[in-house]
Each structure stands twice: as structure tokens, then as C-alpha cells.
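No gaps in the numbering here: position 71 of the sequence shown is 80 in this note's numbering, and each next residue is one more. Below is one structure, written out as C-alpha cells; the observations come after it.
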Amino acid sequence: MPKASFEYLNGELERLQQKGMYRLPTVWSGASGPWMETDGRKLLQLSSNNYLGFTGHPDIKKAAIEAIEKLGAGSGSVRTITGTLDIHDELERELADFKGTEAALVFQSGFTTNQGALSLLGTDDLVISDELNHASIIDGIRLTKAERAIFAHKDMDQLELRLKENDGRKRAFIITDGVFSMDGDIAPLPEIVELAEKYGAFVYVDDAHASGVLGRNGKGSTDHFGLHGRVHIQVGTLSKAVGVVGGYVAGADVLKRYLIHKARPFLFSTSQPPAVAAACLAAIRLLRRSQPLIDRLWDNANFFRTRLQEEGFDTAGSETPIVPILIGAPDKTAEFSRLLLEEGVYAQGIVYPTVAMDKGRVRCIVTAAHTKDDLTFAVDRIVAVAKRTGLLKG
Ligand SMILES: *Cc1c(COP(=O)(O)O)cnc(C)c1O
10 MPKASFEYLN GELERLQQKG MYRLPTVWSG ASGPWMETDG RKLLQLSSNN
60 YLGFTGHPDI KKAAIEAIEK LGAGSGSVRT ITGTLDIHDE LERELADFKG
110 TEAALVFQSG FTTNQGALSL LGTDDLVISD ELNHASIIDG IRLTKAERAI
160 FAHKDMDQLE LRLKENDGRK RAFIITDGVF SMDGDIAPLP EIVELAEKYG
210 AFVYVDDAHA SGVLGRNGKG STDHFGLHGR VHIQVGTLSK AVGVVGGYVA
260 GADVLKRYLI HKARPFLFST SQPPAVAAAC LAAIRLLRRS QPLIDRLWDN
310 ANFFRTRLQE EGFDTAGSET PIVPILIGAP DKTAEFSRLL LEEGVYAQGI
360 VYPTVAMDKG RVRCIVTAAH TKDDLTFAVD RIVAVAKRTG LLKG
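Right, here's the structure in full:
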């Protein structure tokens, strides 16, 4: 027998390289912020989810430090044994109050939140999912025994068809991202809710990119559309605008108590360290006073998107601080991203299979921490690269 060897993995890595899809993580020196340093170069970055600059906020850092001093570095257990400390309970009560729901249940990340919340689904259920939903939803659904159906992105006719086909046979759950991470567009939640009510279906919205961004004080897409009491499951993340890490389900108390017994990441993985829970709690409290900062985020986003459109770029369906610039083929997209880096701007290229083969894009994410000068600098550099590569006529 030949010796076992990982040599075989190189074939796939070489294929990725040829397609311009091979990329190891950039290592940054220092903290998250609008300007970051790598390889001794300072770059303007347009790729973080640090929408409000909360990762470095003094109140949040202080809460984390105090929690470490008082409660230690780790929680010591899963939630269902000795890993639910006061701070976890307090965070959940704060989140439920913030979201205006009966209850909230916290998980270690947004990813595990979806995995956990979707364990709600069984053989008697049908899940109907937007084709562009996040990977954690797709994987979470795969782990269930529910029947699955997909509807084309935001296509309400197709969604209705799926509901009609079901004809009340199974309990139906409609699942959508609140804000889609690749195009930066917003789910048509009012239409989804109407269809759900017409067919007696549940609505599940994942507000990872809407938490701290959409709605009053960043309460999310349900609040943005005034749909309180009509969305059954609201997932939020504590990792993006909230600036720490974690996720939660906000909804009915019975749902929370059910998930406590069934959600495997809750049952079999250690709870958030005290510093994380305390920092999340401080961040949610801060959000309640942060409308001016959220307004600034939107002002920046609208300024940046409008400037790009004026220059002639295709920003796809963007209507949030996520602003893609459509380029096309994977290799062209990677090249654009690389040239932009030479000009001092870091914006992540996103290519097939994350998006369609001809829909490669440089995805820009604007934050409240960017200044207008930063954004103007970015637009100027993007235009320069676009003229050099022929994306825009020089
Ligand atoms: C980022 C994201 C997640 C994962 O959240 P983490 O807290 O980073 O694990 C889940 N769902 C959606 C829609 C996301 O965009």
C-alpha cells in the first residue's frame, strides 16, 4: 500500500489558483478600523462588517475587561450545565426587550444560531428558502429532515407557487436573509409576511447584516418595515455591527424553551466567555443611544453608492451599506481587487461559486467610521483602476 499523503489536495488548490479563486487570509497588524496595516502598508479598507466601529468602542472594551476580572476568561461549561451565568441571562433579557419579543436565546455565533434555530424543523415541515440565503442557513437546513424548496431571489410569484403546491400539507417556514450580503439588497419582508399569512406559514428572517443597521436604533428589518408580531423568528448577529461575536434568536418564549432542549450548538458547545457576553450587553445598550451613528452610516453609504453610480459603475441591487461593484469573470475581478490594493484600497473580490460566474464583484462595505474624505479617496482610486482595466472608458 502507498503511504497516506495529502498530496492529492494540491490538485484542487492548483485549479483554484488557475481560476483566480485561490486566496489565503490577509494578516492585519492592529485593530479593525477604516485604515488598517498589512505588510507595512496602510490601506483604506472597505470590507469589514464593523458598521458602527463598535469593535473598539471604549464602553464595550471596558465591559469586557471588567467581566474578565470578575468572572474569568471562560464560562467553563455549556449553557445547560454550569455555563449560564448571570451575564448570559441579562444579555438575553436585554435582547428580548430591544427586539420587542417575549424571549431571546443567545448562541456562540450567527452561524451556530442558524444551525440551532433550524433544528426546529422536522419531517412534518417544509422549508422554503431564498436562493441567495447565507451558507449557515443552507447548512442548517441540510441538517434537518424537513422537505426543502427554493425560490428565486426575492421572487414572490415563485414563493407563492411553492406555498400553493404545499397546500397546507406540511407546516411551511419561509426563510430569508433580511439584508443579502452579496448584493446589499433588502428582502421584501412585507410581501413575504402577507404571503405567509395567506397560507398560514411561519416567517424566519436572518438579520445578520441588518442588526444595528436597519430599523430604529438598528433593531433590524422587522422594525424597519413595522412588522412587529408578524415575523415568527428573528435571527440576529452580535458579530457584525454589534462589534463582538455571537448570535441570537428572538421570538416566542415557547420557541426559546424548545430550542434549549433541541438546538445542538446550545447543548453541546461551550457558552460565550463572560467578556463576550458582557461586551455584547454593553453594545446593545449603546445601540439604544446610537441613532446618530446609524444615520451617519447611512449617509456615508448613500454618498458612496451615489458617487459610484455617477461614475457609471453597476452597483447591482445595493440599497444598504453593502455596495458591490460588478466586474464580471473571476480572473478579471481578482485583477481589479489586486490593482485596487496597489492603489491603497482593500476591497474584497467575490467570485464564483459564491456568486454567478459572470457576476464577480468587488464588494465594498461602508462604515460609520469612514470619513467623507476616506470615501472620496476610495472612489477616486476605484475610478482610476476601472479606467486602467477598461471597465470604465478612460
Ligand atoms: C455573517 C452572517 C452569518 C454568520 O454570523 P457570524 O456571527 O459571523 O457567525 C449568518 N447569517 C448571515 C445572513 C450572515 O450574513
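Quick reminder that beta carbons are idealized off the backbone N, C-alpha and C, glycines included. None of these values were measured; they are calculated from a predicted model.
Judged by the Cβ position, F15 fails to qualify as a neighbour of ligand 1 at the 7 Å threshold, every heavy atom of the ligand being at least this far. Per DSSP, P283 is one residue of the alpha helix (DSSP H) stretching across 283-296. A residue is called buried when at least 16 other Cβ atoms come within 10 angstroms of its Cβ; D48 does not meet this threshold and is exposed.
Here A76 is actually not in contact with I90; their C-beta atoms are around 20 Å apart, not less than 8 Å. Distance from the C-beta of H233 to the nearest heavy atom of ligand 1 is not below 7 Å. DSSP places R225 within a helical segment (H, G or I) once states are collapsed to three.
Residue pairing by DSSP places I334 opposite V371 in a beta bridge. In the assembly as shown, T380 is an exposed residue. Its beta-carbon has fewer than 16 other beta-carbons within 10 Å. Of G256, M10, G238, G85, the smallest CA-CA separation from N123 is found for G256. Look at S280: its beta carbon is at least 7 Å from all of the heavy atoms in ligand 1. Taking a C-beta distance under 8 Å as the contact criterion, R390 and V332 do not qualify as a contact pair.
Considered as a whole, the region 137-168 harbours 144-151 as its complete alpha helix (DSSP H) runs of no fewer than 4 residues, in chain order.
By the neighbour-count definition (other C-beta atoms within 10 Å, threshold 16), I242 is a buried residue. Taking 8 Å as the cut-off, the Cβ atoms of K249 and N58 count as close.
In this chain, the alpha helix (DSSP H) harbouring F120 covers 119-126. Annotation for W44: no alpha helix (DSSP H) segment contains it, though the beta strand (DSSP E) segment containing it runs 44-47. Less than 8 Å divides the Cβ of R180 from the Cβ of D133.
Contact check for L129 against L236 fails: the beta carbons are separated by 8 Å or more. Shown here for T64: same chain residues with a beta carbon closer than 6 Å to its own, the five before and five after excluded, namely S41, G252 in chain order.
Residue E344 holds the alpha-carbon nearest to the alpha-carbon of R32 among G209, E344, E203, K396. Going by C-alpha positions, S327 is about 6 Å away from D192. Using a Cβ distance threshold of 8 Å, A287 and A73 count as a contacting pair. Counted as a single uninterrupted DSSP element, the stretch harbouring K51 is not any alpha helix (DSSP H) but the beta strand (DSSP E) occupying residues 50-54.
Here the alpha carbons of I69 and M165 stand approximately 41 Å from one another.
Of all C-beta pairs linking the region 384-398 to the region 310-319, three or more are shorter than 8 Å, placing the two stretches in contact. A distance criterion of 7 Å places the beta-carbon of T363 beyond contact range of ligand 1, judged by its closest non-hydrogen atom. Within the chosen limit of 7 Å, ligand 1 reaches the beta carbon of G119 through at least one heavy atom.
Counting along the chain, the unbroken alpha helix (DSSP H) around V388 starts and ends at 381-398.
One Cα belongs to M30, the other to K341, and the distance between them is close to 11 Å. In this structure V202 is in contact with R239, their Cβ atoms being roughly 5 Å apart against a cut-off of 8 Å.
Per DSSP, V244 is one residue of the beta strand (DSSP E) stretching across 242-246. Distances from the CB of D186 to the heavy atoms of ligand 1 include at least one below 7 Å. Of the candidates A365, S280, P197, I374, the residue whose Cα lies closest to the Cα of T121 is S280. Rounded to the nearest whole angstrom, the CA to CA distance from N226 to G62 is 15 Å. Taking 7 Å as the cut-off, one finds no heavy atom of ligand 1 near enough to the beta carbon of G245.
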